[in-house]
Amino acid sequence: MPAPRTQNGLTVSELLTTLAIAAVLVGTAIPGISGLLNRAKADAAIEQLSRAIQFTRYQAISLRTTATLCPGAGETCGRRDSWHEGATVFLDGNANGVRDGGEEVLQRLQPLPAGYRARWRSFGNRSSLSMRPDGTTDWQPGNMLVCPTDGDAQNARQLIVNAQGRVRVSRDSDGDGIVEDADGRPVSC
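When we follow the numbering used here, the leftmost residue of the sequence shown carries the number 1, and every step to the right adds one.
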């Protein structure tokens, strides 16, 4: 008499049950992962801009000349709302905050992560940030706000630049998930 066969594998109902459980687990994990990715993009954008401001200040002090950080990806400074396209650090010989012919480019920044915008607000309402040879701003204390295009303030980040040219990152001191500006108010996009 032939030996009885043993069954290997899963039945259709076992397979469907396993797939249903996996779908529920993935469905609950995706929103958490999405939020984590959005926070990581915001952190990367603000870190890039912070390093650029610090680099601009360092170059101004080291080279004993005005250095400027301005928005835009081209050879000249872009519009005041084009920080998301990239930025340029250059030696600003005439200290006018605009890259003129012959002024040396020290660094070009990559565009911000997709879906993020940045705006620079400062005393004097200038679109660029200039650092003097002593490391101070050119009367431009202000802030750089980075926001997602969907306007979700929980994924916004802000840098605060004081008149001495020092940079600090805004913190969420009240634990509501939104960072506060220099006056302690939640930022808004």
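We put the CB at the ideal spot given by N, CA and C, even for glycine.
Can you name, in chain order, every residue of its own chain whose Cβ lies under 7 Å from the Cβ of Leu63, other than the five neighbours on each side?
Leu91
Provide the residue span of the beta strand (DSSP E) that contains Phe143, from first to last.
In the sequence as displayed, the identity of residue 143 is Asn instead of Phe. Unbroken beta strand (DSSP E) run through Asn143: Gly142 to Pro148.
Residue range of the beta strand (DSSP E) that Val192 falls in?
A question about residue 192 goes unanswered here, because the residues of the chain that appear run from 1 up to 189.
Identify which residue in Val161, Arg108 and Ala40 has its Cα closest to the Cα of Cys147.
It is Ala40 whose Cα lies nearest to the Cα of Cys147.
In terms of residues, what are the limits of the beta strand (DSSP E) holding Gln107?
Val105 to Leu109
What's the C-alpha gap between Val161 and Pro141?
5 Å
Strand pairing of Leu63, partner residues [DSSP]
The partner list for Leu63 (beta bridge, DSSP) is empty, contrary to what the question assumes.
CB Leu109 to CB Gln48, shorter than 8 Å?
For Leu109 and Gln48, yes; Cβs fall inside 8 Å.
Rounded separation between Pro133 and Arg79 - CA only
25 Å
Should Leu69 be labelled buried (16 or more other beta-carbon atoms within 10 Å of its own) or exposed?
buried
Let me check one thing: in DSSP terms, what residues is Trp83 bridge-paired to?
Per DSSP, none; premise fails for Trp83.
First and last residue of the beta strand (DSSP E) that includes Gln154?
No beta strand (DSSP E) contains Gln154, which DSSP labels as neither H nor E.
From which residue to which residue does the beta strand (DSSP E) around Arg132 run?
No beta strand (DSSP E) contains Arg132, which DSSP labels as neither H nor E.
To the nearest angstrom, how far is it from the Cα of Ser82 to the Cα of Ser188?
19 Å
I'd like the list of long-range same chain contacts for Asn125, defined as Cβ closer than 6 Å, with 5 residues on each side in sequence excluded.
none
Quick test of your reading: Arg119 and Leu145, contact by CB under 8 Å. State the CB separation rounded to the nearest angstrom.
5 Å
For Glu104 and Thr88, I'd like the C-alpha separation in whole angstroms.
10 Å
CB contact below 8 Å: Ala156 versus chain D
Absent here is chain D; the protein component of the structure consists of one chain.
Could you name the residues that DSSP lists as bridge partners for Gln158?
Leu145
Would you mind working out which of Ala60, Arg121, Arg157 and His84 sits nearest Pro111, comparing C-alpha positions?
Among Ala60, Arg121, Arg157 and His84, the Cα nearest to that of Pro111 is on His84.
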